[in-house]
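Please read the structure below before turning to the comments.
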Amino acid sequence: MEKSSGLFMFLMLLLLMIKVSFSDEESFTPDESRLWFDGDGESEQEKGELSCEMDSVLMRGNERVARIPVNVDSFGAVGDGVADDTQAFRDAWETACSLKNAVFLVPERRHYKVNATKFSGPCQKNLIVQVSGTIVAPDEPEDWDPEHPRMWLFFSKLKGVKFQGGGIIDGSGSKWWAASCKITRTNPCKGAPTALTIDLSSAIRVKGLTVQSAQQMHFTISRSDAIRITGVRILAPEDSPNTDGIHITESSNVAIQNCHIGTGDDCVSIVNASSNIKMKNIECGPGHGISIGSLGKDNSTAIVTGVVLDTATLTGTENGLRIKTWQGGSGYVKSVRFENVKMNDVKNPIIIDQFYCDSPKSCKNLTSAVKISQVIYRNISGTSRTPKAMKFACSDSVPCSNIVLNNINLETENGTAETFCNCAMGFDYGIVQPKADCLKSSSCGGVEEDNQAQTHDPIHTEL
């Protein structure tokens, strides 16, 4: 009896030790029950609510609720892509927002030219924004509303609103790109509108829209909570400057699933004050990959936690999985997991860059930095366009810690892939190719010649 009791106590102690040994990894798993979804991203009830058919009723479970279509054509919209339909959209929004169970309807097979507009709430319950047609921006920067230089379609202070319809939001961005200082170096550097913004909102669903050719960023989520994005397509040329796909700032509990993003900048970018961000089934390319950052610019404080990317394919991108911070910042990035990712001809498949410098001139060396820790890379495979498939260029004064690699298989077409480390500490297990022994022995202060160069020169200047 004493032997059995002793064995039981030993097994319980062993289980406790195993739990403790993995506590760091478990502690930074986001609250997936709030974000996770299967299939195409909606429950059966939500599929009824998000039906694209313009029936006279809205099905909410077994309940039939009268639905009120508010058609922009009824407010004077022409829909020929030439006439200015801005005021018609504003008037239709005021009406739709004031009615329960309303559908703000942009009809199919029509093109509506709309200038910068704020669609503000709060609105009555069960509002649906049905974009079945195409909304186009004025293509001349000179025609832009000077009161709103950084926004186009700006939705604010909404709760429980659903965006759907399979239509297109087209930013007509080509002339904006040509005027960018990143295309024409003699031009002054200035901002341009974001095509679609959801700000100060909660419990928002966005499904099936296409956002293309944005003047600058395509789709921004800012200062919001509980946002679900499914089946969205974002399209822009590879050389279009600063055209991030989905940009998340100061937001929490954001889920992105089954999206295809091809653009000239980050497919997804996650910046300061964002937490519990989950992405699944993402196709990225062309573009600059999936990025956390940039963070810490102008000596600012930045915090990002609880980011998960599960299942993605990146093709021909400038970067794969990237965390980028400026020298001189503070704060932290932690609790990040990238898993089940396929790389196809990606220039920098795995990269942490704490010497990020998006400037034509060299950036000043500064000692403070955003702390990066608890980052897991699991089941990452494919091809790297450059020999250094994994780069961990961390701050000399604030090293990266708890970097974990598991089942990594990255190779180049013409040679053996390599791993570069500067002030990065962690471990690997399972098959890891290229080898990452430098994670266990990475020294700070530029001991190796390569490290010294990386310490003083940014490894990536984005221009």
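Under mature numbering (1 follows the signal peptide of the UniProt record, and there is no 0), the residues of the sequence shown are numbered -23 to -1, 1 to 440, in order. We treat Cβ as the ideally placed atom computed from N, Cα and C, and that holds for glycine. If you're wondering where the values come from, they're calculated on a predicted model, not measured in any experiment.
So does N379 have its beta carbon nearer than 7 Å to some heavy atom of the ligand ZN? This structure simply doesn't include the ligand ZN, nor any ligand for that matter.
query: How many Å lie between A370 and F404 at the Cα?
result: 16 Å
By how many angstroms is the C-alpha of N399 removed from the C-alpha of C421?
The alpha-carbon atoms of C421 and N399 are separated by roughly 6 Å.
Leaving out five residues on either side along the sequence, give the residues of the same chain with a beta carbon under 7 Å from the beta carbon of F(-14). Summary for F(-14): the model assigns pLDDT 39, below 50, so the residue's position carries little reliability, and this model does not support an answer.
Report task. Measure the CB-CB distance between G392 and P364 and report whether it falls below 8 Å. Result -> yes
**OP:** Answer with buried or exposed for K102, where buried requires no fewer than 16 other C-beta atoms within 10 angstroms of its C-beta.
**Re:** Exposed, by the Cβ-count rule.
(request) Could you give the DSSP three-state label for C421: helix, strand or coil? (result) coil
Assign F332 to one of three DSSP states: helix, strand, or coil. DSSP, reduced to helix, strand and coil, places F332 outside both helices and strands of the structure shown, so it counts as coil.
Please classify P126 as buried or exposed, where buried requires at least 16 other C-beta atoms within 10 Å of its C-beta.
exposed
task: Can you check DSSP and say which residues form a bridge with E71?
output: Partner(s): none; E71 has no beta bridge.
**OP:** Measure the CB-CB distance between N249 and A203 and report whether it falls below 8 Å.
**Re:** no
* To do: Answer yes or no: do V281 and I247 have a C-beta to C-beta separation smaller than 8 Å?
  => A contact, by the Cβ cut-off of 8 Å.
Through-space distance from K341 to G262, alpha-carbon basis:
Between G262 and K341, the C-alpha separation is close to 32 Å.
**Message:** Determine whether the beta carbon atoms of I146 and P218 lie at a separation below 8 Å.
**Reply:** no
Sequence-distant residues of the same chain with beta carbon closer than 7 Å to N258, five excluded per side
Excluding residues within five positions, the ones whose Cβ falls inside 7 Å are Q234, N235, T288.
Q: Could you round the C-beta distance between V83 and I45 to whole angstroms and report it? I think they count as a contact, below 8 Å.
A: V83 to I45, Cβ: 15 Å. No contact.
- Identify which residue in R314, I211, S277 has its Cα closest to the Cα of S252. R314
Taking the alpha carbon of D68 as the reference point, which residue from D243, G58, T94, E85 has its own alpha carbon closest? T94
If V323 sits next to L286, beta carbons under 8 Å apart, how far is it from one beta carbon to the other, in whole angstroms? The Cβ separation is near 14 Å, so there is no contact.
### Query
Three or more C-beta pairs closer than 8 Å, one from the region 174 to 181 and one from the region 149 to 158: is that the case here?
no
* Asked: Can you pull the DSSP bridge partners for G148?
  -> G148 pairs with nothing; no bridge assigned.
Of the residues I300, D120, P115, which one's Cα is nearest the Cα of G148?
P115
Helix, strand or coil at E260 [DSSP, three-state]:
Look at E260 here: in three-state DSSP terms it is strand.
* Would you say F52 reaches chain C, if we count a Cβ-Cβ gap shorter than 8 Å as a contact? -> Absent from the structure is chain C; it holds one protein chain and no more.
Same chain, Cβ closer than 6 Å to S229, five either side skipped, listed in chain order:
D202, S252, N253
Straight-line Cα distance separating C100 from Q107: The C-alpha of C100 is placed about 15 Å away from the C-alpha of Q107.
Check: Thinking C-beta only, is Q193 closer than 8 Å to P165?
Finding: no
Practice item. Leaving aside the five residues before and after R299 along the sequence, list all residues of the same chain whose C-beta is less than 6 Å from its C-beta, in chain order. Key: G266, S268, I328
query = In terms of alpha-carbon separation, which member of F81, G208, N296 lies closest to M256?
reply = G208
Report the partner residues of V323 according to the DSSP bridge assignment.
According to DSSP, V323 bridges with S361.
Measuring straight from C-alpha to C-alpha, what distance separates E85 and V91? 16 Å
Report task. Have a look at the DSSP bridge pairing and note the partners of V59. Result -> The secondary-structure analysis by DSSP pairs V59 with nothing; it has no beta-bridge partner.
Residue burial classification, V59 (beta-carbon count within 10 angstroms, cutoff 16): exposed
Please state whether DSSP places G266 in a helix, a strand or coil.
-> coil
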